[in-house]
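Whatever position you read off the sequence shown (first residue = 1), add 736 for my numbering.
Backbone N, C-alpha and C define an ideal beta-carbon position, used for all residues, glycine too.
I have placed the structure first, in the form of structure tokens, so that the comments after it can refer back to it.
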Amino acid sequence: MTLVLQGGTVIVRDWRYEDLVPYEEWLQPGHRWQEMDGPHESALTPVEIDEKIARISTVIESGEPPTPRRRLVIALAEADQPPDATAMIGTVSAYWEQQASWSINLGICLFDPNTWGQGIGYIALGLWTQYLFDELPPIVRLGLRTWSGNVGMVRLAQKLGFQEE
737 MTLVLQGGTV IVRDWRYEDL VPYEEWLQPG HRWQEMDGPH ESALTPVEID EKIARISTVI
797 ESGEPPTPRR RLVIALAEAD QPPDATAMIG TVSAYWEQQA SWSINLGICL FDPNTWGQGI
857 GYIALGLWTQ YLFDELPPIV RLGLRTWSGN VGMVRLAQKL GFQEE
């Protein structure tokens, strides 16, 4: 079953094959989002990008994404498209910090700077946070990491009620 979460015009959904080419393009070096995501981190190599695309492709092909999901696509609703057929503008993700203590970190990335500052991230991350709490009731802690220079992300986290540690 395809997962689609929607809040107003913001959609958080499962991956489609049509997402892979734009996602691969956004993973290439030189995009503004990478400066905000982790400027201290090295860019992905072509091999790492290929591996990432292959992993997602395998999940799409299987028709059995993991539950709970670990990474979903952010899209905007379009009047002439069903929610699961909308174009990718970003992703949300989650990974275990400490599985034994039910501590999960989550993330969000809106690739195109033209989508920043419009409330899209607020809605998408809110939907994602609620999904994780619904799917993993024993969660003790949801974390969100960024660096001090990513002021937009710091504000988004505060607006959603995350507390600085």
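Inter-residue CB distance, residue i and residue j (contact presumed, cutoff 8 Å)
i	j	result
Leu-808	Val-828	5 Å
Ile-844	Val-746	Contact flag wrong, Cβ pair sits at about 11 Å.
Val-748	Ile-810	6 Å
Leu-880	Phe-898	5 Å
Cβ shell of residue i (< 7 Å), same chain only, five flanking positions each side left out
i	result
Trp-762	Phe-847
Leu-969	No answer is possible for residue 969: it lies beyond the span of the chain, which begins at 737 and ends at 901.
Asp-773	Cys-845
His-767	Phe-847
Exposed unless 16 or more other CB atoms sit within 10 angstroms - verdict on residue i
i	result
Met-824	buried
Gly-744	exposed
Trp-751	buried
Thr-794	exposed
Ala-860	buried
Spatial distance of residue i from residue j (CA atoms)
i	j	result
Glu-833	Ile-875	11 Å
Asp-755	Thr-781	20 Å
Thr-882	Thr-851	19 Å
Gln-817	Pro-801	23 Å
Ala-893	Gly-853	13 Å
Gln-835	Gly-826	26 Å
Lys-895	Tyr-753	33 Å
Glu-777	Gly-862	26 Å
Thr-822	Glu-900	34 Å
Pro-849	Trp-838	33 Å
Val-887	Ala-779	21 Å
Gly-736	Ile-789	The structure shown has nothing for residue 736, since the chain only spans 737 to 901.
Among the options, the one whose alpha carbon lies nearest that of residue i
i	options	result
Trp-769	Glu-901, Met-889, Phe-898	Met-889
Asp-786	Trp-751, Tyr-867, Val-757	Val-757
Arg-791	Ala-815, Ser-837, Tyr-759, Asn-886	Tyr-759
Ser-884	Glu-771, Gln-742, Pro-765	Glu-771
Val-783	Gly-799, Ser-798, Gln-764	Gln-764
Glu-814	Tyr-858, Lys-788, Gln-742	Gln-742
Tyr-858	Arg-891, Val-887, Asn-886	Arg-891
8 Å Cβ shell around residue i - same chain, five flanking residues per side excluded
i	result
Pro-804	Ala-830, Tyr-867, Leu-868, Glu-871, Leu-872
Beta-carbon contacts of residue i that lie in its chain and below 6 Å, excluding the five residues immediately before and after
i	result
Asp-820	Thr-738, Val-740, Arg-749
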